[in-house]
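Working notes for the structure below.
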Amino acid sequence: MSTETVSIRPVDQQIMAAEATVTPGQPREALEVLEPGQPTDNVVYPTGIKLTMAMLSVMTACFIHGLDLTIVAAAVPSLTNHFKTIEDIGCGIMFAAFTFSAGKIYTLSSVKIVYLISIILFEVGSLMCTVAPTSWFFIFGRAVAGTAAAGMGAGAMLIIAQCFPVHRRPIWFAVMATSQAVGLVSAPMVGGALIDWISWRACFGINLPLGVAVVAMIAWGFTDPAQNESIALPWKEKVKRMDLLGSFVVIPSVTCLLLILQWGGIRYGWGNPRIIALIVVCAVLCLVFCWLQYRLQEKAVLPPRIVKNRNVLGAAWFSACTNGTLAMTEYYMAIYFQGVRGYSASKSGIFIVPMLVGLMVASLLGGAGTQKFGYTNPFMLATCLLGPVASGLLSTVDLDDKLVKPLCYLGFLGFGIGVGNLGPGNALSAILPLKDLPLGMAVTGFGGGMGSSLFVAASASLFQNRLGEELSKSAPGANVPTIGEAGLSAIRSEVGADRLREILLGYGEAVSQTLYMPTALIASSIIGAVCIQWQSAKKKQS
6 MSTETVSIRP
16 VDQQIMAAEA
26 TVTPGQPREA
36 LEVLEPGQPT
46 DNVVYPTGIK
56 LTMAMLSVMT
66 ACFIHGLDLT
76 IVAAAVPSLT
86 NHFKTIEDIG
96 CGIMFAAFTF
106 SAGKIYTLSS
116 VKIVYLISII
126 LFEVGSLMCT
136 VAPTSWFFIF
146 GRAVAGTAAA
156 GMGAGAMLII
166 AQCFPVHRRP
176 IWFAVMATSQ
186 AVGLVSAPMV
196 GGALIDWISW
206 RACFGINLPL
216 GVAVVAMIAW
226 GFTDPAQNES
236 IALPWKEKVK
246 RMDLLGSFVV
256 IPSVTCLLLI
266 LQWGGIRYGW
276 GNPRIIALIV
286 VCAVLCLVFC
296 WLQYRLQEKA
306 VLPPRIVKNR
316 NVLGAAWFSA
326 CTNGTLAMTE
336 YYMAIYFQGV
346 RGYSASKSGI
356 FIVPMLVGLM
366 VASLLGGAGT
376 QKFGYTNPFM
386 LATCLLGPVA
396 SGLLSTVDLD
406 DKLVKPLCYL
416 GFLGFGIGVG
426 NLGPGNALSA
436 ILPLKDLPLG
446 MAVTGFGGGM
456 GSSLFVAASA
466 SLFQNRLGEE
476 LSKSAPGANV
486 PTIGEAGLSA
496 IRSEVGADRL
506 REILLGYGEA
516 VSQTLYMPTA
526 LIASSIIGAV
536 CIQWQSAKKK
546 QS
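Numbered continuously in this note's numbering, the sequence shown closes out at residue 547.
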């Protein structure tokens, strides 16, 4: 009697293991296996009303986060009138500085508890801004909200990752991004309306009832389905792994960097001792942070192996480019609509809606396409092609254009960026194991937050320089410093009717030339796209 040797393929072994653990009544998808190379985290995913509550809470939290990020821009004129200064208002320093710490905390603690604490802190910061009696109290409230927002952003991604398997996450990441986009781009419209009808304080008070709803839904509707081994560690060990020194070094280094970009060439010359001191301090702190991470390795707030991962670096750069492009475009198109075209803050916010619609539609299409075909890379490459074209067209708008032209270009830009905007999150979700996902997402979130803050600050220097030159060309003899200090809403009252058109032409040309910067930035997103490996998020049928 002969014997026959049977070889079992690795995929067959996975199927046999799955069949051995499936109980009667489980759905067919329990027998499906991931493509080779995908993370295989064993998670029991929630269903029913609890899943619904968890997703509603994430969507609401993303909306108020997006709203808070840019609503301060609509409130700046009122804040200036009330506090007599706008310095440092609305700075995203704390969000960027605490992103790494938030990611590390999520690896050591319950996702639910950390997320709830982040929402509550965000509400405290919003309340402080709502009742702020002084500018410094307001700034401190913004800092508290920014710190909490770092935890909210990382937590939203992790809740989705713990509620759905890899192949179902892209469309829910799209829903999450769409919710934030609604808040992000509608903020000027909502803020303008609240200021006109109530007060600038309502721009921050609106977060309070929405935040209470989020806390209630997440407290009742979400339970950590994933077992995190680090949760059981003693508190002393958790504190050691938090790398508190590294976390605190990040804050002043990021602060110095943003101040360099905000002040350099505008408030102080680049050779000014203050700017030189900031550059030196920033460089030293960055070196100290890098040394600490190398020395502590896995106990560092940002383990070197995470930073060395080309997918994480590519995702961070791509996110910085897309977020920076959107932030700069929104900022300078608001100047165009309010300063050059003379529309109110609320109408200016309405004119940004086409970018919102394009972003939402494209994000959903990109998420659905990734879920259907498995790969997110083609959609990121589409952003690298469509984004520069749309942004370049937007830089051609001028004073005499019909309104439909900038509105169409804004919609095109939103679509071009939105189609691949979710690529970093989708890619890391398919590539990284669940235990590394918080840190990978933290690096990506840091890239996005710094992209918005750094490039808006850097573009301000470019705009101020171009504004002075263009006003000198279009309106020779005009008092450029006085016009520049007048503010957008006071240009028409400060400048006589005989010179108004000349001034507005100079303003419009300065805006157009500043918009070259987001065009170059979104074009460079190709660097991040090509760094991310092609990993399918689809499951192979058994």
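Every residue gets a Cβ at the ideal spot worked out from N, C-alpha and C, and that includes glycine.
Since the structure is predicted, the reported quantities are computational estimates derived from the model, not experimental observations.
Inset, instruction - Would you kindly check if the distance between the Cβ of residue 258 and the Cβ of residue 307 is under 8 Å? - result: In this structure, residue 258 does not lie closer than 8 Å to residue 307 by Cβ.
Inset, instruction - Note the first and the last residue of the continuous alpha helix (DSSP H) segment covering residue 324. - result: For residue 324, the enclosing alpha helix (DSSP H) has its first and last residue at 315-340.
Inset, instruction - Go through the region 235-311 residue by residue and report every complete run of the beta strand (DSSP E) that reaches 3 residues or more, in order. - result: Segments of the beta strand (DSSP E) lying fully in the region 235-311: there are none.
Inset, instruction - Find out if the Cβ-Cβ distance for the pair residue 119, residue 110 is shorter than 8 Å. - result: With respect to the 8 Å criterion, residue 119 and residue 110 are classified as neighbours on the basis of their beta carbons.
Legend entry - 7 Å Cβ shell around residue 384 - same chain, five flanking residues per side excluded: Answer for residue 384: 371, 374, 375, 424, 425 and 428, listed in chain order.
Inset, instruction - Tell me whether residue 415 sits in a helix, a strand or coil according to DSSP, three-state version. - result: Look at residue 415 here: in three-state DSSP terms it is helix.
Inset, instruction - Give a yes or no on whether the C-beta atoms belonging to residue 329 and residue 191 are separated by under 8 Å. - result: Not in contact: residue 329 and residue 191 (Cβ atoms no closer than 8 Å).
Legend entry - Segments of 4+ residues assigned as alpha helix (DSSP H) that fall wholly inside the region 160-226: Counting only runs of 4 or more, we get 174-202, 207-210 and 212-226.
Legend entry - Separation of residue 400 from residue 509, as counted between CA atoms: Taking the straight line from one Cα to the other gives about 16 Å.
Inset, instruction - Leaving aside the five residues before and after residue 59 along the sequence, list all residues of the same chain whose C-beta is less than 8 Å from its C-beta, in chain order. - result: Correct list, in chain order: 51, 164, 168, 222, 223, 226 and 227.
Inset, instruction - Specify the secondary structure class of residue 228 as computed by DSSP and reduced to three states. - result: Residue state, collapsed to three classes: coil.
Inset, instruction - Count the CB pairs spanning the region 431-443 and the region 357-366 that are closer than 8 Å, and state whether there are at least three. - result: Proximity of the region 431-443 to the region 357-366 falls short of the contact definition, fewer than three beta-carbon pairs being nearer than 8 Å.
Legend entry - C-beta atoms of residue 181 and residue 67 nearer than 8 Å: Annotated as proximal: residue 181 and residue 67, with beta-carbon spacing under 8 Å.
Inset, instruction - Assign residue 265 to buried or exposed, taking buried as 16 or more other Cβ atoms, counted over all protein chains shown, within 10 Å of its Cβ. - result: Burial call: buried.
Inset, instruction - Measure the C-alpha to C-alpha separation of residue 386 and residue 113 and round it to an integer number of angstroms. - result: CA-to-CA, the gap between residue 386 and residue 113 works out to about 35 Å.
Inset, instruction - Measure the Cβ-Cβ separation of residue 146 and residue 156 and say whether it is below 8 Å. - result: The Cβ atoms of residue 146 and residue 156 lie no closer than 8 Å to each other.
Inset, instruction - Assign residue 449 to buried or exposed, taking buried as 16 or more other Cβ atoms, counted over all protein chains shown, within 10 Å of its Cβ. - result: Residue 449 is buried by the Cβ-count criterion.
Legend entry - Span separating the alpha-carbon of residue 511 from that of residue 337: If I take the Cα positions, the gap works out to 14 Å.
Inset, instruction - May I have the straight-line CA-CA distance separating residue 440 from residue 314, to the nearest angstrom? - result: Approximately 15 Å between the Cα atoms of the pair.
Legend entry - residue 177 classed as buried or exposed, judged by whether at least 16 other C-beta atoms fall within 10 angstroms: That one is buried.
Legend entry - Through-space distance from residue 204 to residue 217, alpha-carbon basis: Distance from the CA atom of residue 217 to the CA atom of residue 204, rounded to whole angstroms, is 22 Å.
Inset, instruction - Check the C-beta distance from residue 252 over to residue 106 and give it rounded, since I have them as a contact under 8 Å. - result: With 8 Å as the limit, residue 252 and residue 106 qualify as a contact, their Cβ atoms being about 4 Å apart.
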